[in-house]
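To keep things clear, I will list the structure first and then write my remarks on it.
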Amino acid sequence: MAVETPTPTRSTVGVTDASQLRTKSLPNWTPWVVVVAAIALAYLLINLTGAGGWVLTGVVAAALFVILMGAAATVVEGGRSARNRMATILIYGAFVLALLPLLSVVWTLLNKGTERLDGNFFNSSMNNIGPFDSNGGAYHAIIGTIEQAGIATLITVPLGILGAIYIVEYGRGWFANTIRFFVDVMTGIPSIVAGLFILSFWVFTITPLYSSDGFAHYSGFAAGLSLSVLMLPTVVRSSEEMLRLVPTALREGSYALGVPKWKTITSIVLPTAGPGIVTGVMLAVARACGETAPVLLVAGGASAINFNLFDGNQSSLSLFVYQQAGVASEFSPGRAWTAALTLVVLVLVLTVAAKLLARRNKLAR
Numbered sequence: 003m004a005v006e007t008p009t010p011t012r013s014t015v016g017v018t019d020a021s022q023l024r025t026k027s028l029p030n031w032t033p034w035v036v037v038v039a040a041i042a043l044a045y046l047l048i049n050l051t052g053a054g055g056w057v058l059t060g061v062v063a064a065a066l067f068v069i070l071m072g073a074a075a076t077v078v079e080g081g082r083s084a085r086n087r088m089a090t091i092l093i094y095g096a097f098v099l100a101l102l103p104l105l106s107v108v109w110t111l112l113n114k115g116t117e118r119l120d121g122n123f124f125n126s127s128m129n130n131i132g133p134f135d136s137n138g139g140a141y142h143a144i145i146g147t148i149e150q151a152g153i154a155t156l157i158t159v160p161l162g163i164l165g166a167i168y169i170v171e172y173g174r175g176w177f178a179n180t181i182r183f184f185v186d187v188m189t190g191i192p193s194i195v196a197g198l199f200i201l202s203f204w205v206f207t208i209t210p211l212y213s214s215d216g217f218a219h220y221s222g223f224a225a226g227l228s229l230s231v232l233m234l235p236t237v238v239r240s241s242e243e244m245l246r247l248v249p250t251a252l253r254e255g256s257y258a259l260g261v262p263k264w265k266t267i268t269s270i271v272l273p274t275a276g277p278g279i280v281t282g283v284m285l286a287v288a289r290a291c292g293e294t295a296p297v298l299l300v301a302g303g304a305s306a307i308n309f310n311l312f313d314g315n316q317s318s319l320s321l322f323v324y325q326q327a328g329v330a331s332e333f334s335p336g337r338a339w340t341a342a343l344t345l346v347v348l349v350l351v352l353t354v355a356a357k358l359l360a361r362r363n364k365l366a367r
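Position one of the sequence shown corresponds to residue 3 (our numbering), numbered consecutively onward.
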């Protein structure tokens, strides 16, 4: 005998489903109330008792905020929603902690680096400037940084991209793995080792062969060579990763149309990976602009302006900051901070310009 099951009406289904989907949730204003309560409790616990300063108060307030929000979410929303809310809070907290050092550096540079932002700083050098002279600028260091980073980029970018193309598109077996291994090893080479290599190879061995007096000479070109040694592994590895991200279907479609491999690489693969390659190149340029030891070893540093890349000592902004920070003068810290701000702005301008050029490149459209 069949038993008929009563079919629930639409109204009954709607009520049942709504009751199942309805869950308790904290109001949107709860985090703000908890923040105020955590700050107040931390202030009472730390400042009024004299246990510490505002830094410890902030740490205790953050810990109290996590604890109070977790407790409130557990009571109202349940364990599962509470764990989800706690994970969200921790992720946002990690983001804020990672952002704080960057904001601190930017604020310090803007606060202290504007002291010498004047025409004299950008139009004069430190030649014949004594410890009691408030004038003097970094014009010679700016010229040296641009020339040295420029020659290093011209040397490194073609070699690095071609090396990455070989590893990804052509290299197979032990030889490609060996190249990749040595590129990884070069990534961790200290900058002073690169400077010593160029000092022994170029300055002490090659320079006497073409100099008129037969002696070794410091030069900005030698500094560019040492910086290229530091830039090369970064360019190779970043370009390799970007080339590997290009979909294989693009290559196969090009081959199916009868396009040669070299033209597929230059017309399809490189333009597709272009923005990522530019980012890697600019990271390498930023590292090169901030290096001090190689420039000090092979360029010697100079207080006068020298436009000649192949003869004579040259300075750079990073070396200028290092030298000014160690000078016993009340005017030197201002020059050092302004030079540091100038270096950051220079790298920022170069990065933005490279991004715009990569975006406007007709090959990447």
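Ideal placement from N, C-alpha and C gives every residue a C-beta, glycine not left out.
Excluding residues up to 5 positions away in sequence, nothing lies with its Cβ nearer than 7 Å to the Cβ of residue 268 in the same chain.
Look at the beta carbons and you see the segment 165 to 179 not touching the segment 217 to 228: under three pairs across the two are nearer than 8 Å.
Three or more pairs of CB atoms, one per stretch, sit closer than 8 Å, so the segment 119 to 138 contacts the segment 314 to 333. With a cutoff of 8 Å on beta-carbon distance, residue 236 and residue 289 are scored as near each other. When DSSP states are grouped into helix, strand and coil, residue 302 belongs to the strand group.
Taking the C-beta atoms as reference points, residue 248 is found nearer than 8 Å to residue 271. Note: residue 316 is bridge-paired with 302 in the DSSP secondary-structure output.
Annotation: residue 151 to residue 251 spans about 37 Å, alpha carbon to alpha carbon.
Excluding five sequence positions before and after residue 112, the CB atoms of its chain that fall closer than 8 Å to its own CB belong to 343, given in chain order. Residue 135 and residue 306 have their C-alpha atoms some 16 Å from each other. Burial of residue 240 is indicated by the presence of at least 16 other C-beta atoms within 10 angstroms of its C-beta. Annotated three-state conformation of residue 220 is coil, per DSSP. Contact between residue 139 and residue 124 is confirmed by a C-beta separation of about 6 Å, below the 8 Å threshold.
Assigned with DSSP and collapsed to three states, residue 31 falls in coil, not helix or strand. In terms of CA proximity to residue 354, 277 leads the group 277, 220, 179. Excluding the 5 residues flanking it on each side, residue 266 has same chain C-beta neighbours closer than 7 Å at 253, 256, 257, in chain order. Of the residues 148, 291, 88, 81, the one whose Cα lies closest to the Cα of residue 310 is 148.
Just measuring C-alpha positions, the residue of 64, 69, 115, 82 sitting nearest residue 96 is 64.
Residue 128 carries a coil assignment under DSSP once its states are collapsed to helix, strand and coil. In this chain, the alpha helix (DSSP H) harbouring residue 283 covers 272 to 291. Between residue 36 and residue 74, the C-beta gap is smaller than 8 Å, which places the two residues in contact.
In the three-state reduction of the DSSP assignment, residue 265 falls in the helix class. Excluding residues up to 5 positions away in sequence, 205, 206, 209, 210 lie with their Cβ nearer than 6 Å to the Cβ of residue 218 in the same chain. Counting of Cβ neighbours within 10 angstroms places residue 315 among the buried residues, the total reaching 16 or more. Beta-carbon to beta-carbon, residue 185 and residue 108 are separated by about 33 Å, too far to satisfy the 8 Å threshold. Taking residue 334 as reference, the option from 360, 175, 117, 38 with the minimal CA-CA separation is 117. Note that the C-beta distance between residue 158 and residue 230 is below 8 Å. Between the alpha carbons of residue 47 and residue 301 lies a gap of roughly 56 Å.
CA-to-CA, the gap between residue 313 and residue 221 works out to about 5 Å. Annotation: residue 215 is outside any alpha helix (DSSP H) and is labelled neither H nor E by DSSP. In terms of Cβ geometry, residue 39 and residue 58 do not form a close pair [threshold 8 Å]. With a 10 Å radius around the Cβ and a threshold of 16 neighbouring Cβ atoms, residue 62 comes out buried. Straight across, the Cα-Cα distance linking residue 28 with residue 41 is about 20 Å.
The criterion of a C-beta distance shorter than 8 Å is satisfied by residue 78 and residue 26. When only Cα atoms are considered, residue 81 and residue 60 end up about 27 Å apart.
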